[in-house]
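Numbered per the working numbering, the sequence shown spans residues 23 to 362. A virtual CB, placed ideally from N, CA and C, is assigned to each residue, including glycine.
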Amino acid sequence: MRILHLANHHIFSDAGHFYMCDRKFSSGFDRLGHCVYDYSYKDMLRASNVFRSSKLGHRKVAEQLRSIVQAFQPDVLLLGHVNLPRELLDDLRAVRPSMQVIGWFVDYVEDRRIGHLRSMASAIDALYVTTGGEPLRTLGRELGVPVIGYLPNPVHPALESGCVWERESWDYDLVYCGADRKAPARRQLLEQLVDKLPKVRMAIRGSLDQPPVYGQEYLDLLQRSLCGLNLSKHHDLYWYSSDRIAQLTGNGLCTLSQRIPGFEELYGEDEVVYFDSEAELVDKIHYLAEHPAEAAVIGRRGWQKAHNTFNVDRICRYMLEGVEGTFSEDYLWLSSYFRL
23 MRILHLANHH
33 IFSDAGHFYM
43 CDRKFSSGFD
53 RLGHCVYDYS
63 YKDMLRASNV
73 FRSSKLGHRK
83 VAEQLRSIVQ
93 AFQPDVLLLG
103 HVNLPRELLD
113 DLRAVRPSMQ
123 VIGWFVDYVE
133 DRRIGHLRSM
143 ASAIDALYVT
153 TGGEPLRTLG
163 RELGVPVIGY
173 LPNPVHPALE
183 SGCVWERESW
193 DYDLVYCGAD
203 RKAPARRQLL
213 EQLVDKLPKV
223 RMAIRGSLDQ
233 PPVYGQEYLD
243 LLQRSLCGLN
253 LSKHHDLYWY
263 SSDRIAQLTG
273 NGLCTLSQRI
283 PGFEELYGED
293 EVVYFDSEAE
303 LVDKIHYLAE
313 HPAEAAVIGR
323 RGWQKAHNTF
333 NVDRICRYML
343 EGVEGTFSED
353 YLWLSSYFRL
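As structure tokens, then:
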């Protein structure tokens, strides 16, 4: 197949985000034998006007996309976090009537996005979101999409290439990379960890006034750490986690995560260390730092689950198969796939 992938490919970030899901999915479809053409929608909107604003330049980008669809003749238009105007989507489908349209969303679908997704819904053949269960079915009915399914956070073997459990020593007992701006509860939690665990070697980046890390520097930091902390903006949604879960487990870190509804169905209690409270988290970090061999065993199990079950190739195949609802294998998450 020929796949036109409209997403935020970060072409102006100087490779600082080369490990993000946009690149993983394009690579995954390519690894399956498909021809993928990437188009960084927001970047091109900004590049098309002197003010570098994504709110301007829509006409020029629309003309370019029509030309691309005419020339490339895609079988699939893949939309990742793209606020494509409905009239443009209709125009592109008119240029290529046989083209399937698949949307993906690696985040919580906030209320401010519902209206836009609803305007696109009847022109989308399938939508995949990193939230599962009945909330996902409800979202699909609200939007009016014909197919909606759970989207696991993907692991790519060339990006999540660390095998942390194989190391004999680590520079850090615990790593956390993420922003605490506008997240006072997260900042408070991290401050308490630093205060209550003075002997634990922590690498905190992007929070507590520490600079963030990007690119290979970020991946190197993960691979020099025994344990990793998975914190998401929301932890009360069925099966929802940020893509940090794939980056941590995929590199073999012993991953500690806020308990997420139903998430142990994806990662078992022996593959990820769950916590329900700050006190429990403090106790578990202290124990794992004192027992690195046990942490390494958990990290290895999490790595095996991540690479065997949530490999990006399998997820890309599932996304294509889900349009018709005929699957080549019994994917672990199919209980959260709905034809509406």
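Reduced DSSP secondary structure (H/G/I, E/B, other) of residue i
| i | result |
| --- | --- |
| Leu244 | helix |
| Ala268 | helix |
| Thr348 | coil |
| Ala225 | strand |
| Gln232 | coil |
| Tyr262 | coil |
| Arg208 | helix |
| His257 | coil |
| Arg68 | helix |
| Leu219 | coil |
| Gly274 | coil |
| Gly237 | helix |
Proximity below 8 angstroms, CB of residue i to CB of residue j
| i | j | result |
| --- | --- | --- |
| Ile170 | Tyr198 | no |
| Glu288 | Trp192 | Residue 288 is actually Leu in this sequence, not Glu. No, these two residues do not count as a Cβ contact at 8 angstroms. |
| Val91 | Leu110 | no |
| Ser229 | Gly274 | no |
| Gly154 | Val334 | no |
| Gly272 | Ala318 | no |
| Leu165 | Ala143 | yes |
| Tyr59 | Leu26 | yes |
| Leu196 | Val222 | yes |
| Val167 | Cys43 | no |
| Asn105 | His138 | yes |
| Glu182 | Gln238 | no |
| Leu28 | Leu99 | yes |
| Gly162 | Phe360 | yes |
Bridge partner(s) assigned by DSSP for residue i
| i | result |
| --- | --- |
| Asn252 | Ser279 |
| Ser62 | Ala29 |
| Phe127 | Val151 |
Any chain C beta carbon closer than 8 angstroms to residue i
| i | result |
| --- | --- |
| Glu312 | Any reference to chain C falls outside this structure, which holds one protein chain only. |
Of all the beta strand (DSSP E) runs that stay within the bounds of the region 141-202, which reach a length of 3 or more residues?
-> 148-151, 169-172 and 194-199
How do the region 172-191 and the region 147-158 stand: do at least 3 beta-carbon pairs fall below 8 angstroms, yes or no?
-> yes
Three-pair Cβ contact test at 8 angstroms for the region 243-260 versus the region 271-281 | yes
What are the uninterrupted segments assigned as alpha helix (DSSP H) that are 4 or more residues long and contained completely in the region 23-59, given in chain order?
-> Secondary structure in the region 23-59: the alpha helix (DSSP H) runs of 4 residues or longer, each lying completely within the stretch, are 43-53 in chain order.
Could you name each continuous beta strand (DSSP E) segment of 3 residues or more that falls completely within the region 288-362, going from the start of the chain to the end?
-> Taking only runs of at least 3 residues, the beta strand (DSSP E) segments lying wholly in the region 288-362 are 295-297 and 359-361.
For the region 82-125, list the alpha helix (DSSP H) runs that are entirely contained and at least 4 residues long, ordered along the chain.
-> You should have 108-117.
Can at least three beta-carbon pairs, one atom from the region 52-68 and one from the region 25-33, be found at a separation below 8 angstroms?
-> yes
Do three or more CB pairs link the region 330-348 to the region 121-129 at distances below 8 angstroms?
-> yes
Segment contact flag, the region 303-315 with the region 238-247, C-beta cutoff 8 angstroms, min 3 pairs | no
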